[in-house]
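*Asks:*
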Amino acid sequence: MTREIARPSVGRPSSWDLGGSRTVGLILVVISACAFGSGPLFAKPVYAAGLDWKALLYWRFLFAALASWAWVLASPANRRSLGRLSGRRWIILGALGVLYVGNTGTYFAALETVSASLAALIVYIYPVLVAVMALRVGRPLEGRRPWLALGLAVAGVVLAVGGIDPSHAPPATGLALVLAAGVIYAVWIVLSAHLGGERRTPRDPAPPEAMAGVEETDPAPAAALMLTSALAVYAILGVLTGEPVTPDRVPAGAWFGLLGVGLISGAIAMQTFYAGVRRIGAARAALVSTIEPVYTIVLATVLFGEALTGVQLIGGALVIGAVVLAETA
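According to this note's numbering, the sequence shown is numbered sequentially starting from 683.
1. Quick check: the Cα distance between L922 and M815, rounded to an integer number of angstroms?
2. According to the Cβ coordinates, are A1017 and G732 closer than 9 Å?
3. Taking all protein chains shown into account, decide if D1018 is buried (16 or more other Cβ within 10 angstroms of its Cβ) or exposed.
4. I need the boundaries of the alpha helix (DSSP H) containing T795, first residue and last residue.
5. Between I804 and A842, what straight-line distance do the alpha-carbon atoms span, to the nearest angstrom?
6. Could you tell me the distance, in whole angstroms, from the CA atom of T795 to the CA atom of P852?
7. What distance in whole Å lies between the Cβ atoms of L778 and M908, which are believed to be in contact at a cut-off of 8 Å?
8. Return the Cβ separation of I866 and R704 in integer angstroms, given the expectation that the two are a contact with Cβ distance under 8 Å.
9. If we ignore side chains and look at the alpha-carbon of each, how far apart do A798 and V976 end up?
10. Pairs of beta-carbons, one from the stretch 776 to 793 and one from the stretch 856 to 870, closer than 8 Å: are there three or more?
11. Among G987, A949 and A801, whose alpha-carbon lies nearest the alpha-carbon of G997?
12. For P903, report the span of its alpha helix (DSSP H) as first-last.
13. With V754 and V970 assumed to form a contact (beta carbons below 8 Å), what rounded beta-carbon distance in angstroms separates them?
14. Can you look up A862 in the DSSP assignment and give me helix, strand or coil?
15. Can you find the residues in the same chain that come closer than 6 Å, C-beta to C-beta, to I807, ignoring five residues on each side of it along the sequence?
16. So is G765 buried or exposed if we call it buried at 16+ other beta carbons inside 10 Å?
17. Between P926, G942 and T978, which lies nearest to A715 when the distance is taken from Cα to Cα?
18. Using a Cβ-Cβ cut-off of 6 Å (strictly less than) and excluding sequence neighbours within five positions of A1004, which residues of its own chain qualify?
19. CA-CA distance, V984 and G958?
20. Just to confirm my understanding: we take G942, look at its own chain, exclude 5 residues before and 5 after, and list those with CB closer than 6 Å. What are they?
21. Can you round the beta-carbon distance between S947 and S720 to whole angstroms, since I take them to be within the 8 Å contact cut?
22. Would you mind stating whether A737 and L945 have Cβ atoms separated by less than 9 Å?
23. If you count every other CB in all the chains shown that lies within 10 Å of the CB of R685, and 16 or more means buried, which is it?
24. Would A964 pass as a contact of V860 if the rule is Cβ separation under 9 Å?
25. Thinking just about the alpha-carbon of each residue, which of A792, A914, P722 and G920 is nearest to the one in A862?
26. Between A982 and E988, how many whole angstroms is the CB-CB distance? I'm expecting something under 8 Å.
27. Which class does T954 belong to by DSSP, given the choice of helix, strand or coil?
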């Protein structure tokens, strides 16, 4: 994908501009982390109702795209921002949406066989990958910490997988899908942050003449376009595979989970994440998102009776500790 410098809007308010402070960015990322972390919890009852991951993701992105476009069209600032986007930027945002399909497809396919707690733990290797990739793109983290953190995170994932009770072990394909989801998500975060305005480093800024005429991207229309692109992929996949893409074919027991995964884990999660990253950067947002696996594991234990072994909890502590190590200086 073509790399290009983007920057936040200057002097042009968007619907998410609540002062532009770091505090607002932190709050938005926390909301996003809890919303994303709710995805597995909404998915389990949908699967129990008889739908598979392809149907779930079609309805998720349908509801998320509709809600996001309603948000864009309801705000004059968002409409103006949408009108300023060039054809090239539409293509880039669409490509990011297609990349996001890879993350959601692997993750929610894994949830058919992997517990929500274990999936949330393994996929959380992504913040450390973001920290390492930020050394080359975005706001880099100094010193050797990112590399040491990467080693700790890998060790934590090994313990999390190695500590699985053999009598309840998920298939290897499910575990591989979770790992793939973390890698794809890390790439998506870095690219999204770069597009949203994060540049290489404050010590190596783009000169003013290089920034002249650079296109700006606001969070709300960017998220709406990416969600729509992902929806198009899942709509085509649903039609080709005979998934229930009309309401009359959806079991009544699946609607609550579909609405939750679409509106909360889709629209709200994406909009708040994109707006938060724009304020505090991708690596810092990944640190704040440490709340996500804790949130998911606690609720999965309360709602579904899931439990991790002692070895897995140690692995989880290593993963989360690696995130803190990588992203605090």
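From the three backbone atoms N, C-alpha and C, an ideal C-beta is built for every residue, glycine too.
*Replies:* By the coordinates alone:
1. Position 240 of the sequence shown holds residue 922. Position 133 of the sequence shown holds residue 815. If I take the Cα positions, the gap works out to 36 Å.
2. Outside the shown range of the chain (683 to 1011) lies residue 1017, about which nothing can therefore be said.
3. Because the chain in this structure spans residues 683 to 1011, residue 1018 falls outside the shown range and cannot be described.
4. Stepping through the sequence shown from its first residue, residue 795 is reached at position 113. No alpha helix (DSSP H) contains T795, which DSSP labels as neither H nor E.
5. The residue given as residue 804 occupies position 122 in the sequence shown. The residue given as residue 842 occupies position 160 in the sequence shown. About 7 Å.
6. As a first step, residue 795 is located in the sequence shown; it is residue number 113 there, counting from the start. As a first step, residue 852 is located in the sequence shown; it is residue number 170 there, counting from the start. Here the C-alpha atom of T795 lies approximately 6 Å from the C-alpha atom of P852.
7. As a first step, residue 908 must be located in the sequence shown, where it is residue number 226. As a first step, residue 778 must be located in the sequence shown, where it is residue number 96. Taking a contact as a CB-CB distance under 8 Å, the pair M908 and L778 counts as one, their CB atoms being some 5 Å apart.
8. Translated into positions along the sequence shown, residue 866 becomes position 184. Translated into positions along the sequence shown, residue 704 becomes position 22. Their Cβ separation, rounded to whole angstroms, is 28 Å, which puts I866 and R704 out of contact at 8 Å.
9. Residue 798 sits at position 116 when you count from the first residue of the sequence shown. Residue 976 sits at position 294 when you count from the first residue of the sequence shown. In a straight line, the C-alpha of A798 is about 11 Å away from that of V976.
10. At 8 Å Cβ cutoff, the stretches touch.
11. As a working mapping, residue 997 is identified with position 315 in the sequence shown. When only C-alpha atoms are compared, the closest one is A801.
12. By one-based count along the sequence shown, residue 903 stands at place 221. Secondary structure note for P903: its alpha helix (DSSP H) is the uninterrupted segment P901 to T923.
13. As a working mapping, residue 754 is identified with position 72 in the sequence shown. As a working mapping, residue 970 is identified with position 288 in the sequence shown. With 8 Å as the limit, V754 and V970 do not qualify as a contact, their Cβ atoms being about 25 Å apart.
14. The residue you call residue 862 lines up with position 180 of the sequence shown. DSSP, reduced to helix, strand and coil, places A862 within a helical segment of the structure shown.
15. Taking the first residue of the sequence shown as 1, we reach residue 807 at position 125. Residues A835, V839 and G864 of the same chain have their beta carbon placed closer than 6 Å to that of I807, with the five preceding and five following residues left out of the count.
16. Here residue 765 corresponds to residue number 83 of the sequence shown, with the count starting at 1. Under this definition G765 is an exposed residue.
17. As a working note, residue 715 is residue 33 in the sequence shown. Ranking P926, G942 and T978 by CA distance to the CA of A715 puts T978 first.
18. Along the sequence shown, one-based indexing puts residue 1004 at 322. Here the set comprises V810, A831, L834 and A835.
19. In the sequence shown, residue 984 corresponds to position 302, counting from 1. In the sequence shown, residue 958 corresponds to position 276, counting from 1. Using only the alpha carbons, I get a separation of about 29 Å.
20. Here residue 942 refers to the residue found at position 260 when the sequence shown is read from its first residue. Around G942: F724.
21. Residue numbering aside, residue 947 sits at position 265 when the sequence shown is read from its first letter. Residue numbering aside, residue 720 sits at position 38 when the sequence shown is read from its first letter. Right, the Cβ-Cβ distance comes to about 5 Å (below 8 Å), so this counts as a contact.
22. For the purposes of this step, residue 737 is taken as residue 55 along the sequence shown, with counting starting at 1. For the purposes of this step, residue 945 is taken as residue 263 along the sequence shown, with counting starting at 1. No, Cβ-Cβ distance for A737 and L945 is not below 9 Å.
23. Mapped onto the sequence shown, residue 685 falls at position 3. Interpretation of R685 is limited by its pLDDT of 31, a score under 50 that renders its predicted location unreliable; no figure is taken from the coordinates.
24. Walking along the sequence shown from the start, residue 964 turns up at place 282. Walking along the sequence shown from the start, residue 860 turns up at place 178. The Cβ-Cβ distance between A964 and V860 does not fall below 9 Å.
25. To locate residue 862, count along the sequence shown from 1; it is residue 180. Nearest of A792, A914, P722 and G920 to A862, Cα basis: A792.
26. Start at 1 with the first residue of the sequence shown, and residue 982 comes out as number 300. Start at 1 with the first residue of the sequence shown, and residue 988 comes out as number 306. Their Cβ separation, rounded to whole angstroms, is 4 Å, which keeps A982 and E988 in contact under 8 Å.
27. By one-based count along the sequence shown, residue 954 stands at place 272. In the displayed model, T954 falls within a helix according to three-state DSSP.
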